[in-house]
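Here's the structure, in structure tokens; my notes come after.
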Amino acid sequence: MTEILQKLGMPAPASSHAQGIDDFIGYIHLLMLALFIGWMGYYVLALFRFRKGANPKADYTGVKSSMSTYLEIGVALIEAVLLVGFAIPLWAHAVDEMPVGKGDPKTDPIELQIMGMQFKWNAHFAGPDGKMGRQIQTEASQGNPFGIDAKDPAAKDDVVCVAGEPFKLPVNREAICRISSMDVIHSFKVAALRVGQDAIPGMSIPVHFKPTKIGKFVVTCAQLCGSGHSVMRGDFEVVSQEDFDKWFAEKSKAGGGGNSFE
Amino acid sequence: MEIPYTDKARPDTGLYNAKVGIWLFLASEIMLFGALFSSYILLRVQAPLGDWPAMRLGWPHGLLNIPIGTFNTAVLITSSVTVVMAWASLKMGKLAAFRRYMVVTLVCAFGFLGVKSYEYNEKFTHYELRLKSGEVYTGHLAVNGKHPGFWSLSDIWNLDRLNKEKVATVEFVADPKKESHGAKHAEASHEHVTLKPKVADIAHLDAFIPRNHPFFAIYFTITALHGLHVLGGALVMGYFAFPGSRMWKTKPEQFTNRIEVVGLFWHFVDLVWIFLFPVVYLL
Amino acid sequence: MSTATSTQHASAHGHEAEHHHEPGFWQKYVFSTDHKVIGIQYGLTSLVFLLFGFLLMLCMRLQLANPGKPVAIFGNLLETILGEGAKGGIMSADLYNSFGAMHGTIMVFLGVVPLAFGAFGNYVTPLQIGAPDMAFPRLNMASYHLFFWGGVLMLGSFFVPGGTAKSGWTSYSPLATVAEFGRPFNGQTLWLIGMVLLISSSLLGAVNFITTIIQLRTKGMSWMRLPFFVWAQFVTGFLLLLAFPPLEAAGILQLMDNLLHTSFFLPTGLVVGGETLPVSGGGSPLLWQHLFWFLGHPEVYVLILPAMGIVAEVIANNTRKPLWGYKSMVYSVMSIGFLSFIVWAHHMYLTGMGTKVSTFFQTTTMMISIPSVIILTALFISLWGGSIRFNTPMLFAVSFLPMFGIGGLTGLPLGFNASDIFLHDSYYVIGHFHYVVAPGTIFGLFAGIYYWFPKMTGRRMNEVLGQIHFWLSLVGMNLVFAPMFIQGIRGMSRRMADGGTTYFGADDIAIHLNKSITHSALLLAVAQIPFIINLFLSIKSGRKVEGDNPWGATTLDWATPTPPPHGNFATEPVVYRGPYEYSVPGAPADFIPQDRKP
Amino acid sequence: MSDHSHSNSPAAAGHDDHDIAGHVRVYLGVFLALLVGTVVTVGLYYVHFESMAVTITIALFIASIKAFLVAGYFMHLLSEKKMIYSMLAVTGVFFFALGALTLWSSNDMPRNTEMKALYSR
Ligand code: HEA
Ligand code: HEA
Ligand code: CUA
Ligand SMILES: [Cu+2]
């Protein structure tokens, strides 16, 4: 079933949890298909066989068997199985079970802040010091959406990608993105990773995933956010750990928070 | 065919039409005020810890005038009993008594609204002042030596307006500081201080109006909506007490039913207040 | 309307206090308190709105077919009317968004609800329960006028500076407040005031309908003898009554945000366009969503239940046999009504929901699909053993079943939170709900129009034009909405002014489908022409009906004179049996009306 | 005199003036109780309880009693018809659902979600 979905154009899964979700989507569609085909067969038959020409006298009682009851119970049971067996655990895994690091900076989840803004996506990593710079409201602007305080020493080495500059993530390593927004609601959706989370101002909601494929990915804004909604595209690249380290070190040296803004 | 059950009850439900109608309407009103109360709870639960005004968006305690609120509660309760007495008078066939009770009810209703508008005005002329130095005051404002009058909305000032009209300094009569947390205004014992802050030193200045704080926003919205219900109910009762009571001569039963229905609405308005009063005044 | 004159005469000499003078034009057609006139007022107004909503969508579809190029057909017109927003005939993104918001709003609140609940409910319900009118005729008139002016206000908002509401029919805060911040009477404000009027209208309507059904059932019309249509209206009434007030409250709060700059839905620290928004903050954007969807979900059942009711009537009548499992349908419709109040947050899975809450909501969502399955199954099974007449109303009714089936089934992957992560706000959602509202509800409503037209006018609609209308619509609808599932599976997001070209390559199949969908929408537009012609021509020149009960129906609406006079029934009807006594063994005719003495 | 006061109102269904007079006494009693309730609520406000929760519970408890009195006696809910009870029961459930589910949703969020402004000032 997932193959069929992919033939229809569903992007190939590129994260560790994507396959589970795809399988699940496949199972539901199997159920739907079975119901649809079954009922359509019955329906066409009924319409044909009981057209007025063929059956001038209607039958007062109609169907006597309790097939339909079994069918309804069957549908309910399958839904219950899908619910308990798949949907709930998948969600718990994808949303709630945050990966925890073991203290090794090379394999620990990499954390970043993602901020939606009309009409760009911005990313902010703590620099090599592991600390994000202080963020203050009065500093926030188009060029410095995170409001990073240039005076804070912790900000000096932060890695910040703003104004549509693509950011990078290492492959096969958990990433935790804290999704937020500075103005209206946006939605951070990466179809290929099967990741979606609304970016809601006043909230900072973590999503986590483990990209398993190297390549370029697109962040779609999936929530109406104004006139630029349809062009609010974000880009990022999943690269090997080495490439990531190189990029990260360069970005960090080029100056984090304070320096890179006007 | 005439529409049945406008005066007599339908045998199987035991109800006349308007009774069903008003209860359905009240059910929708329950959901309306339910949504507003839910909003109140949500806003309050997620407000930062700490009391306003010390904490900018903390939740204020004891900001409203409790004696006046208590008085208004009593007024509304009185009107509720008089309206049911008016109905009982009709049941006993006493039109004159009915009318007397209705008049009392109307006096209560407009009394309630009058007191409410006094309270509103008290808030509209009360200010929150934050200086850039970090000091916080509440109190009364005078611009160019002029204190705002009763219900003149054009006298409401904020920082933007001060700047736009190039006012350099204002006069501010600060309320006595509150006692410890959550306590009432401690009045007589502390004196009012008059400040003369430079506008350039002001970080925030706004009257106690809806936009200043979510508490004011929800307080004004719910009480205003409640006030509109009071006004609407009063107008309808005024109609039935005088011109509408002609119906008593032709269709006494239907008239009595109408009074019962209006009464039900009025009690509901009272009910809302019974919850509104402790929630916004006391808690 | 031949009998109208005679009633008028009767009431001219009448003894009723309310009708002591000859009603003039205004009294008779504009300020009428007769439920049938009000029903027709609702019907015509909402059809016009429906057409208008469709035209908005046609402009959008034409834009999507050629992003960045002038809109075909309507381009010049748009530029003439709207100026800047449609410069060179190209819709600006803002204009696209406002058309989208207004398409949704108009279709739902000004088109389908007034047509399904206001028009059919008003016209048919009192007739089917054997009542002379609604319980509160003057309230009824007031609801129509509130609806009308609410609609006018909404339309007027196209012409205020800044244009009409452009934040989706869901009008999410903070966007709805921020979009035109500082412009006091913007389109969003008018939208909100319009909504408050529409909601008030629906509330009055709901009170009236429920009271009527509880109180004015005629002798012998016990609950289990009510036609299914009446049950559907009854439950719909409760949905409107109890779900709408929270949206009214939310509307008032958002109005405060827009006009007085309060912060009910605005959190602390908003920075818009690099500037800190001058509001206090401290509000919650999610509060709006909760209040909106608390209405929003029951609302979708408001859209579907009346249509299901109509379909049940038409199917029973044209299969010439009783509905199969009438009782289970009644219980199902009640459970749908009840459950629909506790599933709303399935529209909000991606707003940051923990496992517990989302489990609760997806469980209730799955539970609510069961009664839908039961109703659908009962209707399907009702076909078996029938003697099916394929006239136009029946064609629409019978094709409602698989169309609603597709729409309903595609609701399932949306209802499970895990799959919704991928499908949320994609064209899959658009496909899902259009299958339920367009070939679902709209087909049900078409069936109703063709079915009750003879009762309203004394004439039939043309069968040939009807069949053309049906087949073209069926094909058109499917060609429009089926490809949307593929677009959704490909990850194409909704509300994209450029049709998704920013995210996909121009040669992507998802984008190519935009063109074919647009062409199919044009086909769909063409398909409506025979209907409009048919509707207006048949009033004057349709074939006259033979007798008061042309379809050989059992329910009381067909026991009245045609068209029914003021007061409906000559004498109070008495009901002796259930609503669908068709093809009773041993009976002389293949139907026994409910009011035939045993 | 009581020809037209024959009414279907439950409070007085088929009863005469005497009963109404009895009702009137009840109304006055309820009125007094409501006033007392108001005074008690306000009085308790000036007694400072340790926790906010206690204060809220007590205040709302008294309000509920007052509401019960108004609804039960003034609105005759104590002797109302079944139809009205069922309507109000349904409304009550949804009223509760609206408040409770909304609150619950805003408390159950993905782990580590932060509900605060992104910026520190
Ligand atoms: C009439 C309108 C209507 C109806 C009836 C439904 C019915 C259902 N809807 Fe839908 N829905 C909408 C209108 C409707 N919806 C709208 C307008 C939106 C979008 C709003 C927006 O965001 O703008 C939406 C969005 C929406 C979402 C949110 C998606 C998202 O934004 O991510 C969800 C998620 O749970 C959902 C679920 C369901 C479910 C489970 C049902 C169930 O009730 C369905 C139950 C029915 C069945 C299960 C079918 C049973 C039939 C058979 C078994 C027979 C089969 C036979 C054949 C096919 C021949 N809907
Ligand atoms: C009842 C609800 C309803 C109905 C019937 C429809 C009908 C249609 N809708 Fe709509 N739609 C919505 C509700 C509805 N829609 C909503 C809520 C949204 C979301 C908005 C948002 O994003 O905020 C939406 C969004 C939406 C989109 C997505 C836009 C986007 O995300 O960018 C599209 C895209 O193609 C679309 C297309 C259509 C089409 C082609 C029809 C066709 O089926 C239309 C067919 C129309 C008819 C069949 C009417 C015929 C009328 C007559 C015949 C009247 C005759 C008149 C007289 C006699 C005077 N709709
Ligand atoms: Cu950002 Cu849409
Ligand atoms: Cu829903």
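Protein chains in written order, with the working numbering: chain Y, 1 to 262; chain G, 263 to 545; chain W, 546 to 1143; chain A, 1144 to 1264.
Quick reminder that beta carbons are idealized off the backbone N, C-alpha and C, glycines included.
Treat the numbers as computed from the prediction; the structure is a model and nothing was measured.
Note to self: At 4 residues or longer, what runs of the alpha helix (DSSP H) sit wholly inside the stretch 1003-1090 of chain W?
What the structure shows: Counting only runs of 4 or more residues that sit fully inside the stretch 1003-1090 of chain W, the alpha helix (DSSP H) segments are 1008-1034, 1054-1086, in chain order.
Next item on the list: Could you run through the stretch 1210-1232 of chain A and flag, in chain order, every residue whose CB is less than 7 angstroms away from some CB of chain G?
Entry: Correct list: Ala1210, Val1213, Ala1214, Phe1217, Met1218, Lys1224, Met1226, Ile1227, Met1230, Leu1231.
Next item on the list: Check whether the Cβ atoms of Met647/W and Thr715/W lie closer than 8 angstroms to each other.
Entry: no
Check: When you compare each of Gly489/G, Trp510/G, Gln516/G to Cys370/G by their alpha carbons, which one comes out closest?
Finding: Nearest option by C-alpha distance: Gly489/G.
Notebook entry, point to check: Since Tyr267/G meets chain W, which of its residues come closer than 9 angstroms, beta carbon to beta carbon?
Noted result: Ordered by position in chain W, the residues that pass the 9 angstroms Cβ test against Tyr267/G are Ala680, Gln760, Leu761.
Notebook entry, point to check: Whose C-alpha, out of Val847/W, Phe599/W, Asn611/W, is nearest the C-alpha of Val981/W?
Noted result: Val847/W
Notebook entry, point to check: How many Å lie between Tyr641/W and Arg1040/W at the Cα?
Noted result: If you take the alpha carbons of Tyr641/W and Arg1040/W, they lie about 8 angstroms apart.
Notebook entry, point to check: Counting Cβ pairs closer than 8 angstroms, one from the stretch 772-786 of chain W and one from the stretch 740-760 of chain W, do we hit at least three?
Noted result: yes
Next item on the list: Specify, as a first and last residue, the run of the alpha helix (DSSP H) that Arg392/G falls within.
Entry: Taken as a continuous stretch (DSSP letters only), Arg392/G belongs to no alpha helix (DSSP H), being part of the beta strand (DSSP E) at 388-393.
Next item on the list: Sort out for me which residues DSSP pairs Asn122/Y with in a bridge.
Entry: Met115/Y
Checklist line | Exposure label - Lys253/Y; buried when at least 16 CB within 10 Å | finding: exposed
Checklist line | Residues near Phe961/W in its chain [Cβ-Cβ closer than 7 angstroms; skip 5 each side] | finding: Gln907
Check: Going straight from the alpha carbon of Ala1240/A to that of Met1230/A, what length do you get?
Finding: 16 angstroms
Checklist line | CB contact below 8 angstroms: Ile744/W versus chain A | finding: no
Margin query: Does any residue of chain A have a CB that is nearer than 8 angstroms to the CB of Val902/W?
Written below: yes
Next item on the list: Decide if Ser414/G is buried, meaning its Cβ has at least 16 other Cβ atoms within 10 Å, or exposed.
Entry: Answer is exposed; the Cβ neighbour count stays below 16.
Notebook entry, point to check: Under a CB-based cut-off of 8 angstroms, is Ser1194/A close to chain G?
Noted result: no
Note to self: At a threshold of 7 angstroms, does Val981/W count as lining ligand 5 (C-beta to nearest heavy atom)?
What the structure shows: Because ligand 5 does not appear in the structure shown, any question about it cannot be addressed here, the ligands present being ligand 1, ligand 2, ligand 3 and ligand 4.
Notebook entry, point to check: CB of Trp321/G to nearest heavy atom of ligand 1: below 7 angstroms?
Noted result: no
Check: For Thr1256/A and chain Y, any beta-carbon pair shorter than 8 angstroms?
Finding: yes
Margin query: Within 10 Å of its beta-carbon, does Trp838/W have 16 or more other beta-carbons around it, so buried, or fewer, so exposed?
Written below: buried
Check: If you draw a straight line from the C-alpha of Lys426/G to the C-alpha of Asp417/G, how long is it?
Finding: 14 angstroms
Margin query: Using 8 angstroms as the threshold, is the C-beta distance between Asp1052/W and Pro612/W below it?
Written below: no
Check: Whose Cβ in chain A lies nearer than 9 angstroms to the Cβ of Met232/Y?
Finding: By Cβ distance, chain A contributes nothing, its closest Cβ being about 18 angstroms from Met232/Y, past 9 angstroms.
Check: Taking C-alpha atoms, which residue in Phe1030/W, Met1006/W, Ala923/W lies nearest to Thr955/W?
Finding: Phe1030/W
Notebook entry, point to check: Residues with a Cβ closer than 5 angstroms to any heavy atom of ligand 3, in chain order?
Noted result: His186/Y, Cys221/Y, Cys225/Y, His229/Y, Met232/Y
Check: Checking contacts by CB at 8 angstroms: is Gly854/W closer than that to chain Y?
Finding: no
Notebook entry, point to check: Got a sec, what are the start and stop residues for the alpha helix (DSSP H) Cys225/Y sits in?
Noted result: No alpha helix (DSSP H) holds Cys225/Y; DSSP gives it neither H nor E.
Margin query: Rounding to the nearest angstrom, what Cα-Cα distance links Trp401/G and Lys408/G in this structure?
Written below: A small fix is needed here, since residue 401/G is Gly in this sequence, not Trp. Each residue's alpha carbon lies about 15 angstroms from the other.
Check: Comparing the CB of Leu622/W with every heavy atom of ligand 1, is any distance shorter than 7 angstroms?
Finding: no
Item checked: Among Asn519/G, Glu381/G, Val343/G, nearest to Tyr363/G - alpha-carbon criterion -> The residue with the shortest Cα to Cα distance from Tyr363/G is Val343/G.
Item checked: Interface residues of chain A facing Leu831/W [CB-CB closer than 9 angstroms] -> Those within 9 angstroms of Leu831/W in chain A are Thr1245, Ser1248, Ser1249.
Notebook entry, point to check: Would you call the stretch 128-144 of chain Y and the stretch 192-208 of chain Y touching, i.e. three or more CB-CB distances under 8 angstroms?
Noted result: no
Notebook entry, point to check: So, using beta-carbon positions, are Gly686/W and Phe576/W closer together than 8 angstroms?
Noted result: Before going further, note that residue 686/W is Met rather than Gly in the sequence given. In contact: Met686/W and Phe576/W (Cβ atoms closer than 8 angstroms).
Checklist line | CB of Ile339/G within 8 angstroms of CB of Val1185/A, strictly | finding: no
Margin query: ligand 2 and Ile1062/W: does the residue's C-beta get closer than 7 angstroms to at least one heavy atom of that ligand?
Written below: yes
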